[in-house]
Ligand code: SF4
């Protein structure tokens with residue numbers, strides 16, 4: 161499990177697609193483990209980080225996966241845990257039976273390129289949208305930034321609920 165969270169950390173701290181690709185296989189393995197069984201909070205890691213990104217690549221697999229992420233966030237209340245997902249169905253089903261951890265920031269990854277979704281779905285804090293480079297340039301508040309300098313996604317209640325980035329070319 162510690163290894164798992166370290167993988168997510170590597171993606172977050174280096175904020176680099178190349179590194180993310182290297183870590184992706186191990187991260188998938190972790191997601192599978194998190195989705196198999198509910199993990200006792202005492203077996204979840206305590207981390208020293210102030211911010212953490214989850215699912216920069218990959219997706220929520222099921223309710224068990226999301227519940228374990230909630231438990232991880234509760235175990236680390238000092239850490240702002242940002243989760244990107246396209247699965248509000250999973251999130252909302254789980255949150256019918258538990259409170260959302262105060263330090264868990266839910267970001268809806270809008271799958272439709274070029275259609276900015278301004279209002280986050282129920283229980284979500286923000287939307288993350290991709291647009292073609294020439295579209296809505298004045299709304300592209302993510303384009304060209306490094307997370308470590310920006311941190312818009314990670315800060316709770318900062319008044320920004322719509323993130324827009326131009327589609328990256330690799
Ligand atoms: S808006 Fe800022 S914090 Fe969010 S993904 Fe873009 S660069 Fe990172």
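In my numbering, the protein residues as written are 161 to 330. Each residue gets a CB set at the ideal place from its N, CA and C atoms; glycine is no exception.
How is the beta strand (DSSP E) around residue i delimited, first residue to last?
i	result
residue 255	It is not in any beta strand (DSSP E) - residue 255 instead sits in the alpha helix (DSSP H) that spans 248 to 255.
Please identify the residue among the options whose C-alpha is closest to the C-alpha of residue i.
i	options	result
residue 206	233, 213 and 192	233
residue 320	287, 292 and 271	287
residue 208	246, 329 and 238	238
residue 200	229, 220, 214 and 326	229
residue 260	222, 277, 294 and 231	231
Using the C-alpha atoms, what's the distance from residue j back to residue i?
i	j	result
residue 269	residue 202	31 angstroms
residue 224	residue 301	33 angstroms
residue 310	residue 323	12 angstroms
residue 328	residue 297	14 angstroms
residue 314	residue 273	22 angstroms
residue 198	residue 271	28 angstroms
residue 252	residue 282	8 angstroms
residue 210	residue 307	13 angstroms
If we call anything under 7 angstroms between Cβ atoms a contact, is residue i one with residue j?
i	j	result
residue 303	residue 279	no
residue 250	residue 226	yes
residue 214	residue 194	no
residue 235	residue 204	yes
residue 220	residue 245	yes
residue 254	residue 212	no
Identify every residue that forms a DSSP beta bridge with residue i.
i	result
residue 196	Per DSSP, none; premise fails for residue 196.
residue 315	Its beta-bridge partners do not exist; DSSP assigns none.
residue 264	241
What span of residues does the alpha helix (DSSP H) with residue i cover, start to end?
i	result
residue 234	223 to 235
residue 308	307 to 310
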